[in-house]
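The numbering of the sequence shown is full-length UniProt numbering, which starts it at 1 and goes up by one. Following: one structure in structure tokens, then a few remarks.
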Amino acid sequence: MSAIRTSGLVKDYGSVHALRGLDLDVASGEVLGFLGPNGAGKTTTIRILLDLIRRTAGTVEVLGQDPRTAGPQLRSRIGYLPGEPALPPTLTGAEYLGYLASLRGGAPRLDDLVRRFGVELRRPIRTLSRGNKQKIALVQAFMHAPELYVLDEPTSGLDPLLQQEFRTLVAEVAGDGATVFLSSHVLAEVEQLTRRVAIVRSGRVVDVDDIAGLRARAGQEVELTFAAPVDAALVDLPGVSDVHVDGATVRLLLHGEPDALLRAVAPRHVTRIRAEDRELEDIFLDLYREGAA
Ligand SMILES: Nc1ncnc2c1ncn2[C@@H]1O[C@H](COP(=O)(O)OP(=O)(O)OP(=O)(O)O)[C@@H](O)[C@H]1O
């Protein structure tokens, strides 16, 4: 079953085509990373899922319902952490969270979360630091133990200790079977929390894969050193790209199995070999650029 499904989702802001047929399927119980360069359409997608803005065309299902027509009881099954939370400045944290708890028919996790994150409840929200505001936003997203979490850049403004606490919390709710849809630029977060990622570019999902699959496709950086200078033609093979020859040293990018490469260089005297998986960061940069091309 899907927790989120969009098909052919289109959103125009006047002449700006923010979403151009976005297809997305988030399975129930999965943690999916939603990644893409600035302006790709992540926040627009999330706002449509939450029924904060109207789509131009396409279909959307959230927990089996169309958010456009489902009404507030659907909203109470979702925990939403906006990228830039707008909190009521004059209320205290206690007043604001208490109000939301009554709207949503309870907040079983409120006390636990307040303790874990050290939330300042007594002062008016306008007097709080950015990090302390972010904590209140985070607590409201998690306190009613929803089935689906929609988190837009969740750890911006949190110090590293609280970021770690947040990751623990996400792993907990995922372990309890909730679905988490996480937009993030923090690669450590994506890598630690998600198994699958969807890459969005120019209003479309251009790639969906698990992290292991991305790594495998992204290949390895290989450096071979020979006893004597060689020619690039030696490694002109399928699955080999980005070849740089510097005298007796050859650097290249290898996709797939190394077997053909090893056979090709075997007749020469190889003095040194080094192979490294590419960093996840490079992989994402490639994916963002591929989309741009
Ligand atoms: N209210 C608006 N009016 C006009 N254009 C908008 C509006 N909101 C977003 N856009 C445009 O729609 C496109 C998608 O924006 P969106 O905020 O969804 O991207 P994003 O992927 O969330 O980016 P970021 O990572 O920078 O937050 C961008 O070109 C943006 O300028």
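Quick reminder that beta carbons are idealized off the backbone N, C-alpha and C, glycines included.
- Message: Rounding to the nearest angstrom, what Cα-Cα distance links VAL269 and THR155 in this structure?
- Response: Checking the sequence, you will find His at residue 269 rather than Val. Roughly 51 Å between the two C-alpha positions.
- For SER156, is the beta carbon positioned less than 8 Å from some heavy atom of ligand 2? The model depicted lacks ligand 2 and carries ligand 1 instead.
- Task: Measure how close the beta-carbons of LEU97 and LEU110 come, nearest whole angstrom, since I'm counting them as under 8 Å.
- Result: LEU110 and LEU97 do touch by the CB rule: their CB atoms are close to 6 Å apart, below 8 Å.
- ILE273 vs ALA218 beta-carbon contact at 9 Å: For ILE273 and ALA218, no; Cβs fall outside 9 Å.
- If you draw a straight line from the alpha carbon of GLY21 to that of PRO85, how long is it in whole angstroms? Distance between the alpha carbons of GLY21 and PRO85: 27 Å.
- Validate contact between the region 197 to 204 and the region 35 to 45 using beta carbons, cut 8 Å, 3 pairs: Verdict: yes, contact present.
- Message: If you follow the beta strand (DSSP E) that THR249 is in, where does it begin and where does it stop?
- Response: First-last of the beta strand (DSSP E) with THR249: 249 to 254.
- Message: Taking its Cβ as the centre, do 16 or more other Cβ atoms sit within 10 Å of ASP259, making it buried, or is it exposed?
- Response: It is exposed - the Cβ of ASP259 has fewer than 16 other Cβ atoms within 10 Å.
- Hey, quick one: how far does the beta strand (DSSP E) through SER7 stretch, first residue to last? First-last of the beta strand (DSSP E) with SER7: 2 to 13.
- Message: Assuming the contact rule is C-beta atoms closer than 8 Å, LEU74 and VAL62 should be a hit. Round their C-beta distance to whole Å, please.
- Response: The Cβ separation is near 7 Å, so the contact holds.
- Item | Distance CB(LEU24)-CB(THR6) smaller than 9 Å | In this structure, THR6 lies closer than 9 Å to LEU24 by Cβ.
- For ALA57, which of helix, strand or coil comes out of DSSP? Strand at ALA57.
- Message: Rounded to the nearest angstrom, what separates VAL10 and THR59 at their Cα positions?
- Response: Computed Cα separation, rounded: 9 Å.
- Query: Comparing the CB of HIS269 with every heavy atom of ligand 1, is any distance shorter than 8 Å?
  - Reply: The beta carbon of HIS269 sits no closer than 8 Å to any heavy atom of ligand 1.
- Going by the beta-carbon positions, is the gap between GLU221 and ARG289 smaller than 9 Å? ARG289 is positioned such that its CB atom lies no closer than 9 Å to that of GLU221.
- Say the cut is 8 Å; is the CB of LYS42 nearer than that to a heavy atom of ligand 1? Yes; taking the cut-off as 8 Å, the Cβ of LYS42 has a heavy atom of ligand 1 nearer than that.
- Message: Extract the residue ranges of the alpha helix (DSSP H) inside the region 196 to 220, only unbroken runs of 4 or more that lie entirely within it.
- Response: Counting whole runs of 4 or more residues, the region 196 to 220 contains the alpha helix (DSSP H) stretches 211 to 218.
- Message: Going by C-alpha to C-alpha distance, which of ASP112, LEU187, ALA141 sits closest to ILE211?
- Response: Selected option, being the one with the closest Cα: LEU187.
- Message: For ALA141, report the span of its alpha helix (DSSP H) as first-last.
- Response: Its alpha helix (DSSP H) spans residues 130 to 142.
- Message: One question on the structure: do ARG54 and ILE48 come within less than 9 Å of each other, judged by their Cβ atoms?
- Response: Taking C-beta atoms as the reference points, ARG54 and ILE48 count as a pair closer than 9 Å.
- Query: Distance, Cα to Cα, VAL190 vs ALA227?
  - Reply: Roughly 42 Å between the two C-alpha positions.
- Message: What does the alpha-carbon distance come out to for the pair ARG104 and ARG77?
- Response: Pairing ARG104 with ARG77, the inter-Cα distance amounts to about 9 Å.
- Task: Could you check what DSSP says for THR72 in three-state terms: helix, strand or coil?
- Result: In the sequence as presented, Thr is not what sits at residue 72; that position holds Pro. Of the three classes helix, strand and coil, the one that applies to PRO72 here is helix, per DSSP.
- Are ALA3 and LEU237 close, meaning C-beta to C-beta below 9 Å? Not in contact: ALA3 and LEU237 (Cβ atoms no closer than 9 Å).
- Using beta-carbon positions only, say whether ALA248 and PRO229 come within less than 9 Å of one another. Yes, the Cβ-Cβ distance between ALA248 and PRO229 is below 9 Å.
- Item | Nearest-angstrom Cα separation, counted from VAL240 out to VAL139 | Their backbone Cα atoms lie some 49 Å apart in a straight line.
- Query: At what residues does the beta strand (DSSP E) containing LEU113 begin and finish?
  - Reply: No beta strand (DSSP E) holds LEU113; the alpha helix (DSSP H) holding it covers 110 to 117.
- Task: Flag this pair as yes or no: are the beta carbons of LYS133 and GLY118 separated by less than 9 Å?
- Result: No, the Cβ-Cβ distance between LYS133 and GLY118 is not below 9 Å.
- List the whole-angstrom C-beta distance separating LEU151 from SER183, where the pair is believed to meet the contact cut-off of C-beta under 8 Å. In this structure LEU151 is in contact with SER183, their Cβ atoms being roughly 7 Å apart against a cut-off of 8 Å.
- Closer than 8 Å by C-beta to ALA101: which residues in its own chain qualify, once you throw out the five before and the five after it? Chain order, please. Once the five neighbours on either side are set aside, the close Cβ partners of ALA101 are ALA107, LEU110, MET143, HIS144.
- Message: Can you check which of these residues, VAL265, ALA275, THR271, is closest to HIS255 by C-alpha distance?
- Response: Ranking VAL265, ALA275, THR271 by Cα distance to HIS255 puts ALA275 first.
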